[in-house]
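Chemist: When we follow my numbering, the leftmost residue of the sequence shown carries the number 36, and every step to the right adds one.
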Amino acid sequence: MSKPVVNGFRTTVSVVVPSYREDPDILVRCLGSWLAQNPDEIIIVIDVADEEGQRRLAEVPDPRLNVLVYEHAGKRSALGVGIRAARGEIVVFADSDTWWQPGLLDAIQMPFEDPEVGGVGTQQNVYQRKTSIWRRIADWLINLRYYDYVPAQGGKGGVACLSGRTAAYRRSVI
36 MSKPVVNGFR TTVSVVVPSY REDPDILVRC LGSWLAQNPD EIIIVIDVAD EEGQRRLAEV
96 PDPRLNVLVY EHAGKRSALG VGIRAARGEI VVFADSDTWW QPGLLDAIQM PFEDPEVGGV
156 GTQQNVYQRK TSIWRRIADW LINLRYYDYV PAQGGKGGVA CLSGRTAAYR RSVI
């Protein structure tokens, strides 16, 4: 689509997050941003060797959080484990270092009101405690695609690749 969709469509949502050697402080901070958006469940597939991350997640007293300990064989395999555990009609993939702006989860569901929509991407940046001018420039360049490239493709019936930082898919297309 070439313009934002605004409506009241909401459905069940599972958030799937593969986590491999993530800084535990960053992971827990990002988890807070996901929980604040009230998904039905958050499934974090964390590497078996990440004992500190597992310990920190065990301290989060939220029944929506499901931590699956897994011996990672790459991001795709971890996503597969999370997808198989997910129960929501919409499955949202999020990177373990991606902090969500307020309202993101509501906004990402809206296009799914159209049954022809199989996936929805977002404009998200990686959360970093420290940044530099070069990181800000790189983020700006990546974000430019959401202002011209993606809308131009959608306007002509094309499909853009959805960013791995945060992307949502209808369960039936996965």
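All residues carry an ideal CB built from backbone N, CA and C; glycine is no exception. Since the structure is predicted, the reported quantities are computational estimates derived from the model, not experimental observations.
Kindly indicate the opening and closing residues of the alpha helix (DSSP H) around D60.
Modeler: Within the sequence shown, numbered from 1, the residue matching residue 60 stands at position 25. P59 to L70 is the extent of the alpha helix (DSSP H) around D60.
Chemist: Counting along the chain, where does the alpha helix (DSSP H) carrying R111 start and finish?
Modeler: Stepping through the sequence shown from its first residue, residue 111 is reached at position 76. That run of the alpha helix (DSSP H) goes K110 to A120.
Chemist: Output needed for V208: all residues of its chain with C-beta closer than 8 Å, excluding positions within five of it in sequence on either side, in chain order.
Modeler: Within the sequence shown, the letter at position 173 stands for residue 208. Hits under 8 Å: G153 and G154.
Chemist: Taking Y105 as the reference, give the member of R171, Q89, A93 and P96 with the closest Cα.
Modeler: Position 70 of the sequence shown, counting from 1, holds the residue named residue 105. Checking every option, the nearest Cα to that of Y105 belongs to Q89.
Chemist: What is the DSSP secondary structure of V104, reduced to helix, strand or coil?
Modeler: In the sequence shown, residue 104 corresponds to position 69, counting from 1. In the structure shown, V104 sits in a strand (DSSP, three-state: E or B).
Chemist: Between the region 75-88 and the region 134-142, are three or more C-beta pairs nearer than 8 Å?
Modeler: The region 75-88, when compared against the region 134-142, does not touch it at the 8 Å Cβ threshold.
Chemist: Just the C-alpha distance for V41 and A84, rounded to the nearest angstrom, thanks.
Modeler: In the sequence shown, residue 41 corresponds to position 6, counting from 1. In the sequence shown, residue 84 corresponds to position 49, counting from 1. So the two alpha carbons sit approximately 42 Å from each other.
Chemist: Taking 7 Å as the limit between beta carbons, can you name the residues of its chain near M145, skipping five residues before and five after?
Modeler: As a working note, residue 145 is residue 110 in the sequence shown. Result list for M145: V40, V41, N42 and F44, in chain order.
Chemist: Give every residue of the same chain whose Cβ lies closer than 7 Å to the Cβ of I118, excluding the five residues on either side of it in the sequence, and list them in chain order.
Modeler: As a position in the sequence shown, residue 118 is number 83, starting the count at 1. Excluding residues within five positions, the ones whose Cβ falls inside 7 Å are V51, V126 and I209.
Chemist: Assign S167 to one of two classes, buried (16 or more other C-beta atoms within 10 Å of its C-beta) or exposed (fewer than that).
Modeler: Residue 167 sits at position 132 when you count from the first residue of the sequence shown. By the 10 Å Cβ count, S167 comes out exposed.
Chemist: Ignore the nearest five residues each way along the sequence and tell me which others in D97's own chain have a CB closer than 7 Å to its CB.
Modeler: As a working mapping, residue 97 is identified with position 62 in the sequence shown. Counting only Cβ-Cβ distances below 7 Å, and skipping sequence neighbours, we find L70.
Chemist: I need the straight-line Cα distance from R91 to T47, nearest angstrom please.
Modeler: Working through the sequence shown from its first residue, we reach residue 91 at position 56. Working through the sequence shown from its first residue, we reach residue 47 at position 12. Distance between the alpha carbons of R91 and T47: 27 Å.
Chemist: At what residues does the beta strand (DSSP E) containing G154 begin and finish?
Modeler: As a working note, residue 154 is residue 119 in the sequence shown. Start and end: G154 to G156.
Chemist: Closest to L100 by C-alpha separation, out of E148, V63 and D58, would be which residue?
Modeler: For the purposes of this step, residue 100 is taken as the residue at position 65 of the sequence shown. Closest option to L100, Cα to Cα, is V63.
Chemist: Whole angstroms is fine: what's the gap from G192's alpha carbon to P59's?
Modeler: Against the sequence shown, residue 192 aligns to sequence position 157. Against the sequence shown, residue 59 aligns to sequence position 24. If you take the alpha carbons of G192 and P59, they lie about 41 Å apart.
Chemist: Just to confirm my understanding: we take S131, look at its own chain, exclude 5 residues before and 5 after, and list those with CB closer than 6 Å. What are they?
Modeler: By 1-based counting over the sequence shown, the position of residue 131 is 96. Counting only Cβ-Cβ distances below 6 Å, and skipping sequence neighbours, we find V52, S54, E57 and L62.
Chemist: Three-state secondary structure (DSSP) at F147?
Modeler: Looking up residue 147 in the sequence shown gives position 112. Note: F147 maps to helix in three-state DSSP.
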